[in-house]
Amino acid sequence: MTELVSSVADKIDRAVQRVTPFAYRVRRTGRRWMRRAMRKPRSVSEGPNLLPLLIQVLASFTKADGVILEEEIDSSLGFLRYDYPEAVYSELRQLFRQALYEQQDLAAMAQKLGAQLSTERKIMLGVQLYDLISQAGLKQEQVVAFYSFMSQMGMAAQAIDIVYQLNASEDSDPSIYQHGASPLESLSFGANGKADVMLKNLSETDHLMAFRYHDLILLKNYSGQNVSVRGRPLVRGGFCRIYPGQRILVGDQVLSYQELAQYFNAKKNVSLPQIFIRVNKESDQVELERSRTRDSALRVTFGLNVRVKALRDVNAELNGVRLKAGTQVEATLGDKIIFHNDSEMDLSDLRRRARALGGRFQLKASKSEYLVSNDPSRLEADDILLSPGTSGDVVLKIFCDYDQRVGVLEVVEADRPIMVGDEAVRTTAQLKDGDTIRIDVGQILRCSFSERIIEEERNIIRTLEVNEVTHRFGKGEIGLEGISFDVTRGELVCVMGASGSGKSTLLRVLAGQLQPTSGDVILNGQSLYQNLDALKQYISYMPQQDAFDEHLTIGENLLFAAAIRAPHLSRRDRSRRLDAKLIELGLGERRDAVVGSPESKTLSGGERKRLNIGLDMIGMSDVYLFDEPTSGLSSKDSEHVMEIIRGLAHNKIVIVTIHQPSSKIFQMFHKAILLDKGGRLVFFGTPSDMLRYFAEAEHQHQFGAELGACPSCGTTRPEFIFDVLETPLRDLSGDIIYEENSRGQLVASRRYSPEFWRDKYEAFRLIQDVKQVSLLQEPAAPLPVAPVQRKRLPLRWHDEWTQFRTLLRRSFLSKLRNRANLVITIGVSPVLALLIATILRYSENGTYDFASAYHIPTFLFLGLIVAMFLGLTNSADDIIRDRPVLQRERNIKVRLSYYIISKSLTLGVFALIQCILFVLIGNSLLQIRGMFWIDLGIMFMTAMSGVALGLLISSLVADPKTAANIVPLVLIPQIIMGGALIKYEDMNRNLGLLYSLSHWLSEHPSTDKTLKTESKLQVPLVCQFIAMRWSYEEMIVAQSKLNPLTRQQDRTNDQIQMLAPKANTAEQRGRLNDLKDVLALLSGLEAHSAKEIARYLKLVDPVIAGKQRFDRSLFKDANGPVTAEQIYVNQKVSDLISKAEMEQNDYRRGKKPNVFFGLQKRYFGMTFGVFTFNTIVLIASTLALLVLLHWILRKQLEVVRRS
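If you want the numbering used here, it's the position in the sequence shown, counting the first as 1, plus 507.
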């Protein structure tokens, strides 16, 4: 009976588990509909204009006791600076200063904030206010004001809990608050086992307390140690807020904000990195493993402290304890595992490597619902915390059915597409065993429900190896020779060396821009140059020269850089990233300053360098390469720039070239590479090891005490290294001996050659390799290598649109901010139109009228020349200015097609404005009526042809002066061979090969040659490649055939010819007569003014269209001194067209030749109208130039491959 009951119970349990996912979805849907029905808001959003009110509150508490202390002001301004980074700090400071002189009503402000702030923001404000009043010693007036203010906000109970927890006595148990109503998490630091985190340099009776609410962290000092925060001492019993990026000094030990956050996460049991270590007993070679294998020797778990368990006997010890099988040792991050050969393994470095490998989360049988997020405040115990690096808020929920080995994914919150396989998930999706959830680029979760494991895999660059890299330039000159080193994630490395030692060449090789002659660059075990398209996106290369747009503001440059490098982010998230980066770079107060040129001195040299390095730091690369970021800067500016770069190296690989750093900067690096002449590696190691190495070399070779080194390596002067490296060779009298280098210059002879130092270091490195433990990581998670991918990733149209829109906006704003460009756009075109039209306003009869105007063809031709000239000059230097930016962005998959289209559209807008101004002024002065849109269209096509030519020139030359010199070389052939200055019948046609080719093309085998005679109006072959020839022909023919009078006459003639053969009915004959009357009227149309002529032409429109009968009474007043032909028909233009028609219609020719100004074109057995054909040629030639431009730019930006 018992077995039967047990069996039934198991079946019921399995049935419940199978139906649970469905029930969960039903419950979720029901809650959503209930919330909509009850109109229950998810959260209370913060009002948009509360910042001034918050400043008033802070000022009121600061002066509540009648005394204003520096500590209180520092607390208030720190809150404003870090919690509201989008605001300009100088403005906040000014508002705070004004508020100190004003009277505030705390009760009214509390009620307003209580209605508009969310509960979380109220608690954060309460903690901040308590931090503020504590700086003044918690005086009675301020404490009373605090309780009253929090009560009026509706947060009385929370205020009491916060005060009790933060003001607890030293001997109280902090854990009791975690189980009560207090919203603050707590963390204790001490030297005994009762503390959450052990700090060995504290005494048994001393400890520190940290408190957290969301991202707000407070520290309270219960010790007698010297504790310093933000450069200020933290006295016993005092506490202060810790902001992101700040460090705490506890004696000689350093704690960072990031470490505190990691300890809090570990206490919540949401982030416990774990790693297994395999040790070779014979060589002590160590390999890191994500999961346990048969050969695993140690398991290291990183929580509040480090727990090391020996899985088998290891010839090593930790804190004096031998690591035998089954032994478990509690340690701190400052401890080291000591192996039998005295080599060491740092636990803090081991934790960094463990985090880089990604998390491995064991799912519990008793828990089937897990939250996944990068925000620890959203998680409970045993939930899954994503490793650092994910930008924006991500909250997912995974429901696990272990029996069926399936699950359900719900996207609770995400600012980017969450992918399951190749499918984007917006709400929910089914999960099968082994499915992957892509959180972000290079970050996925692999679900193994059968093993109850969720693994986080980070496709990040964890190692960079350079293997025997040698590079020779074109003439065999050696740039790099046999360079080998390796860098791991989290290391900041400097590359030092004299000028010409190959520092920049090495960086270009590492950036994927210059393939070495031999050797290879390895990222995570994969060859960079064999998988360049897939791997280059992980690398950012910052050249030495400025690579930003000088016409944009600092904020705009950074915002556009963020949009291009992370198009998947929302605008809000990009804005947050921009605000944080501006503060980090120290450019917050200068965000709206236009960068300007170095000569304009708008920004200082340090500010320009910080902006230059910030453009790529705002992205999400894994490897950052900086080329001479401190060149030309003062020592303080250099230190500031290097502090920023050092902050970036926390979880990245950062390599910096630097000529000769100061002592302080030199000590910032984890590793240093020293190159000598010819690109020879003469040292790689830590800065202290480098100093010791060259001090020993100096002592060994007795270079002399005048170099400033001490035998024990007490020196910290990096220049000492170069003194030793480049010790000159002297003669017997002590004078330096000079020799001639390869360039014929006299240089000091060196006592020891670069080959000597290379060979010496190779021997030294071999000895070190034998002595030290070789720490090998588990092979990296596979990166998306192009050759391996069978299926092309789908386009993310939102990202594509964001990139294109950003490029277009950046281009347009840059052009708009260019004052010289605006002057040319607004001023030059009208001036030229006024000048040309005034000079050409001439008629042979003395009084100017359009019909007898002598220079109308010349004006039309010059208008086209102006359009092409302005298009050329506007674009001839654009790519030259953008080339550093293009080279910088080559690795982040910026589509060249988007760049070219954005440039063309931007330049097209300005060209259109110029053409409009020219046509308006020129046509008005010369009385060219009714042709505005047609003339504008042809001029604009010509201008765009000039834009394309200008961009092509800009891509082929290196400086604006050369481009400006080439513009006349392009424009003059357009003028000479355009068909106006020199008529084609007067042009030399005997041009050798071109003449023969032209003559062959004009001959048709099917035509009787006896009937053919060559027309002098045919266009020479060489002129067919001139854009001006097509646009001028179309302009003249349009003026003759598309003016309002001729257009109406041609329409009427067409209708008559179509109707005449079939006018059989009375209605058809009546309409035919109406059309003949209209044609007669148009032939002799007269009026008193041009406006009346235009009105009469509109009246005949419905008659020609057949919508109404001809009414002669409407035209009874159609007489006067002005005729329609005088208004619309120019004799010079008509003569050109008539001559072409006569030539083309000559009966003596078997076929109509293609003559200049001919109304029809015949090519490939087909006949085209002149307007259609010429328009197609102009557009096609412009597009062909842009396609050629795309090919040239792509070739220029491609990696230089080895021959």
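Just so you know, even glycine gets a beta-carbon here, dropped at the ideal spot from N, CA and C.
Under the three-state reduction of DSSP, Arg1390 is assigned to helix. Under the three-pair Cβ rule at 8 Å, the stretch 1362-1375 does not count as touching the stretch 1397-1414. Taking 9 Å as the cut-off, the beta carbon of Leu620 is found no closer than this to the beta carbon of Phe603. For Phe1319, there is no enclosing beta strand (DSSP E); the residue is found in the alpha helix (DSSP H) stretching over 1304-1324. In this chain, Glu1146 is not harboured by any beta strand (DSSP E); it is covered by the alpha helix (DSSP H) spanning 1142-1155. If you look at Arg1079, you'll find it in the alpha helix (DSSP H) that goes 1078-1092. If the five residues before and after Thr834 are omitted, its C-beta is found closer than 6 Å to the C-beta atoms of Ala817, all from its own chain and listed in chain order.
Restricting attention to Ile985, Cys954, Gly941, Arg996, the CA atom closest to the CA of Ile967 is found in Arg996.
No Cβ-Cβ contact shorter than 9 Å links Val1529 with Val1662. With respect to Phe1664, Glu1492 sits apart: the two C-beta atoms are not nearer than 9 Å. DSSP places Glu958 in no alpha helix (DSSP H); its state is neither H nor E. Between the beta-carbon of Glu1114 and that of Leu1094 there is about 6 Å, and that keeps the pair under the 8 Å contact cut. Going by beta carbons, Ile905 and Leu892 fall outside the 9 Å limit. Proximity to Phe868 across Leu1582, Leu857, Lys570, Ser894 peaks at Ser894, based on C-alpha coordinates.
With fewer than 16 other beta carbons inside 10 angstroms of its own, Thr1193 counts as exposed.
Taking a cut-off of 8 Å on C-beta distances, the stretch 1354-1367 touches the stretch 1629-1642, as three or more cross pairs fall below it. In this structure, DSSP gives Asp1027 an extended state, which the three-state scheme calls strand. Annotation: Pro559 to Arg600 spans about 11 Å, alpha carbon to alpha carbon. The DSSP assignment places 764-774 as complete runs of the alpha helix (DSSP H) inside the stretch 739-824, in order along the chain (cut-off: 4 residues). Beta-bridge partners assigned by DSSP to Leu1181: Met1003, Phe1190. Distance from Leu1188 to Ile990 at the Cβ level is roughly 5 Å; contact confirmed, criterion being Cβ atoms closer than 8 Å.
Note on Gln647: under 16 other CB atoms within 10 angstroms of its CB, so exposed under the neighbour-count rule. For Gln869, the uninterrupted beta strand (DSSP E) segment begins and ends at 867-869. Per DSSP, reduced to three states, the secondary structure at Lys843 is strand. For Ser1145, the closest C-alpha among the options Asp1581, Gln1167, Gly981, Gly731 is that of Gln1167. Between Leu987 and Val1000, the CB-CB gap reaches or exceeds 9 Å.
Per DSSP, the beta bridge partners of Leu725 are Phe718, Arg748. Excluding sequence positions up to five before and after Phe783, its CB lies within less than 6 Å of the CB of Glu796, Arg799, Ser803, Arg806, all in the same chain and listed in chain order.
The C-alpha of Thr935 lies about 11 Å from the C-alpha of Gly914. CA-CA distance, Ser1350 to Ala1465, rounds to 48 Å. With 16 or more other Cβ atoms inside 10 Å of its own Cβ, Asn1031 counts as buried. Burial check for Pro1050: the Cβ neighbour count within 10 Å reaches 16 or more, so the residue is buried. Closest in C-alpha terms to Gly1672, from the list Ile1243, Gln1174, Lys1659, comes Lys1659. Here DSSP, grouped into helix, strand and coil, assigns Glu1593 to strand.
The Cβ atoms of Asn826 and Gly758 do not sit closer than 9 Å to each other. Val815 and Pro780 have their alpha carbons spaced roughly 12 Å apart.
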